[in-house]
Amino acid sequence: MKALAAALALTLMSALPALAEVCTPSDIVIKFATVVSATDNPKGIAAQIFADRVNAEMAGKVCVIVYPDSTLYDDDTVLQAMLQGDVQMAAPSLSKFEAFTKVFRLFDLPFLFPDVAAVDAFETAPAGERMKSAMTARGLEGLEFWHSGMKQFSANRPLLRPEDATGLKFRIQPSAVIASEIRALRAQPQSIAFSDVYDALRTGVVDGQENTWSNIYAQKLYAVQDGITETNHGVLEYLVVTSVDFLKSLPPDTRAQLLAILHGVTVERNAAVTAVEAKSRAAILAAGGHIRTLTPEERAQWVAAMQPVWAEFRADVGPDNIEAAQAAGRRPTNDAGTGG
Ligand code: SIN
Numbered sequence: 007m008k009a010l011a012a013a014l015a016l017t018l019m020s021a022l023p024a025l026a027e028v029c030t031p032s033d034i035v036i037k038f039a040t041v042v043s044a045t046d047n048p049k050g051i052a053a054q055i056f057a058d059r060v061n062a063e064m065a066g067k068v069c070v071i072v073y074p075d076s077t078l079y080d081d082d083t084v085l086q087a088m089l090q091g092d093v094q095m096a097a098p099s100l101s102k103f104e105a106f107t108k109v110f111r112l113f114d115l116p117f118l119f120p121d122v123a124a125v126d127a128f129e130t131a132p133a134g135e136r137m138k139s140a141m142t143a144r145g146l147e148g149l150e151f152w153h154s155g156m157k158q159f160s161a162n163r164p165l166l167r168p169e170d171a172t173g174l175k176f177r178i179q180p181s182a183v184i185a186s187e188i189r190a191l192r193a194q195p196q197s198i199a200f201s202d203v204y205d206a207l208r209t210g211v212v213d214g215q216e217n218t219w220s221n222i223y224a225q226k227l228y229a230v231q232d233g234i235t236e237t238n239h240g241v242l243e244y245l246v247v248t249s250v251d252f253l254k255s256l257p258p259d260t261r262a263q264l265l266a267i268l269h270g271v272t273v274e275r276n277a278a279v280t281a282v283e284a285k286s287r288a289a290i291l292a293a294g295g296h297i298r299t300l301t302p303e304e305r306a307q308w309v310a311a312m313q314p315v316w317a318e319f320r321a322d323v324g325p326d327n328i329e330a331a332q333a334a335g336r337r338p339t340n341d342a343g344t345g346g
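Using my numbering, you'd call the opening residue of the sequence shown number 7 and step up by one each time.
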C-alpha cells in the first residue's frame, strides 16, 4: 500500500505545474502545502483560487504553487518545514497546532458550535481575532481562519447511540481534546496522518473516524465504513499560516497586496463552505454511501456522553473563550442548541 501511495504521490506531483512554468526568476515563490484534495475540499479549492489570483494579479512579483494531497509535506512536518523556510504557507486544521499553542483546543470541544456560522461569528469577533497571533513568539503568524465544516462519525458498524462506539478504535487528529472525546465514548483514539486514514480503515487498523463530508467523500472513507452518522459533533477549522520571518521579509506593498487577496478569498470561500459540504454529502449518497441521522433523543445521548470533556479542558481553553463561543452560537439567526 505504501508503494501505491508513493505512486499516487508521484502521479500527482507530475500533474502539478512545475515552478518554472508558473514563476519567473524574479518572483518571490510561495509554496502552499495542503493534505487535502484540490477539487473537493473547501481548503483545497480556496488555496487554488488564492494561487490563481496571486499569479494573475501579482505576476512578476509573487507566485504561489499549491501542493495538494500531502505531496509536499504532511501536517506532522509542515510547520517545522515552514520555520526552516522550506514551505511558505499552509492551512493545517486547528487540531494540529498542539505543539505550538493550546488555545485552539477550544474548537475541538464537542458540541460547542452548532454550525459553521457560529464558528464564523466567533472567529471574526475579538476573542477569535486574537487567537491568530497565538504563535507569533514561536515564529508562526496566523493570517486567516478557513472553514471546512461540521464533523460526522463513521465506523465499520452502525453508530446510533454512544454505546455503539464502545470498544472501537477511532482514527483521530493529534488533539488531546478529541482523544478525550473518544475515550468518553469508551472507545480508543489513535492518531493517524490524514493521508493514511483510508488504508487504516480499509485494513482494520482502526474501526472508525470523524471528519467532514468533504473529507469523507474526497478520501472515499465512506467506501470502507458501514455508514456515516450525521452527528455534527464538532468543527473542522483551518488556520492559514506563514512564518513570521517570511512575512517580515516581504516588501510592505507586496505584503499588503498579498494579504488583501488572501482576505478576499477567505471571505468568498468561507461563505461558500456550506454548499461545498452539502455537495459532498449528496455525492456520498449518490456513490452508495450510507448516512444515518439521529433523532433528537439519540443526539442528546451523544451530547451527554461527551459532556465530561468540557470539564477536563475548561480551565485550559478559558471559560471566557467558551462563553464567547457559546454566545456566537446563540446569535439571533441561529435556532439550534449548542449542545454543550
Ligand atoms: C484536513 O482537512 O486538513 C485534514 C483533517 C484531518 O487530518 O482529518
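Note that beta-carbon positions come from the ideal geometry of N, C-alpha and C, so glycine has one too.
DSSP beta-bridge partners of residue i
{"i": "residue 157", "result": "218 and 240"}
{"i": "residue 150", "result": "246"}
{"i": "residue 99", "result": "244"}
{"i": "residue 37", "result": "71"}
{"i": "residue 197", "result": "178"}
{"i": "residue 234", "result": "160 and 297"}
CB contact flag (residue i, residue j, <8 Å)
{"i": "residue 88", "j": "residue 264", "result": "no"}
{"i": "residue 48", "j": "residue 152", "result": "yes"}
{"i": "residue 36", "j": "residue 94", "result": "yes"}
{"i": "residue 246", "j": "residue 146", "result": "no"}
{"i": "residue 107", "j": "residue 140", "result": "yes"}
{"i": "residue 57", "j": "residue 38", "result": "yes"}
{"i": "residue 40", "j": "residue 97", "result": "yes"}
{"i": "residue 193", "j": "residue 174", "result": "yes"}
{"i": "residue 128", "j": "residue 331", "result": "yes"}
{"i": "residue 318", "j": "residue 186", "result": "yes"}
{"i": "residue 203", "j": "residue 225", "result": "yes"}
{"i": "residue 335", "j": "residue 53", "result": "no"}
{"i": "residue 71", "j": "residue 25", "result": "yes"}
{"i": "residue 228", "j": "residue 290", "result": "yes"}
{"i": "residue 231", "j": "residue 160", "result": "yes"}
Residue i versus residue j: straight-line alpha-carbon distance, rounded
{"i": "residue 235", "j": "residue 211", "result": "20 Å"}
{"i": "residue 200", "j": "residue 243", "result": "15 Å"}
{"i": "residue 137", "j": "residue 131", "result": "10 Å"}
{"i": "residue 213", "j": "residue 90", "result": "37 Å"}
{"i": "residue 183", "j": "residue 275", "result": "27 Å"}
{"i": "residue 113", "j": "residue 85", "result": "20 Å"}
{"i": "residue 314", "j": "residue 55", "result": "41 Å"}
{"i": "residue 279", "j": "residue 296", "result": "22 Å"}
{"i": "residue 205", "j": "residue 32", "result": "42 Å"}
{"i": "residue 215", "j": "residue 233", "result": "11 Å"}
{"i": "residue 116", "j": "residue 252", "result": "35 Å"}
{"i": "residue 66", "j": "residue 238", "result": "44 Å"}
{"i": "residue 27", "j": "residue 60", "result": "15 Å"}
{"i": "residue 191", "j": "residue 316", "result": "14 Å"}
{"i": "residue 143", "j": "residue 293", "result": "46 Å"}
{"i": "residue 255", "j": "residue 261", "result": "9 Å"}
{"i": "residue 287", "j": "residue 80", "result": "25 Å"}
{"i": "residue 309", "j": "residue 258", "result": "48 Å"}
{"i": "residue 329", "j": "residue 135", "result": "15 Å"}
{"i": "residue 267", "j": "residue 69", "result": "13 Å"}
{"i": "residue 102", "j": "residue 307", "result": "28 Å"}
{"i": "residue 346", "j": "residue 195", "result": "The pLDDT assigned to residue 346 is 31, lower than 50, so where the model puts this residue is not dependable; a value taken from the coordinates is nonetheless given after this. Approximately 21 Å between the Cα atoms of the pair."}
{"i": "residue 311", "j": "residue 92", "result": "43 Å"}
{"i": "residue 82", "j": "residue 333", "result": "33 Å"}
Status (buried if at least 16 other CB within 10 Å, exposed otherwise) for residue i
{"i": "residue 157", "result": "buried"}
{"i": "residue 270", "result": "exposed"}
{"i": "residue 305", "result": "buried"}
{"i": "residue 273", "result": "exposed"}
{"i": "residue 337", "result": "exposed"}
{"i": "residue 197", "result": "exposed"}
{"i": "residue 30", "result": "exposed"}
{"i": "residue 248", "result": "buried"}
{"i": "residue 163", "result": "exposed"}
{"i": "residue 326", "result": "exposed"}
{"i": "residue 277", "result": "exposed"}
{"i": "residue 44", "result": "buried"}
{"i": "residue 209", "result": "exposed"}
{"i": "residue 7", "result": "Here the model assigns residue 7 a pLDDT of 40, short of 50, so the residue's position is not dependable and the matter cannot be decided."}
Below-8 Å beta-carbon distance, residue i vs any chain D residue
{"i": "residue 66", "result": "No chain D appears in this structure, which consists of one protein chain only."}
(message) Using 8 Å as the cut-off, can you tell me whether the segment 165-180 makes contact with the segment 321-333, which would need three or more C-beta pairs spanning the two stretches below that distance?
(response) no
(message) Using a Cβ distance threshold of 8 Å, determine whether the segment 119-130 contacts the segment 76-87, with at least three qualifying pairs required.
(response) no
(message) With three or more beta-carbon pairs closer than 8 Å as the criterion, would you say the segment 296-316 touches the segment 164-175?
(response) Taking 8 Å as the limit for Cβ pairs, the verdict is that the segment 164-175 does touch the segment 296-316.
(request) Give a yes or no on contact between the segment 214-232 and the segment 273-283, applying the rule of three or more CB pairs nearer than 8 Å. (result) yes
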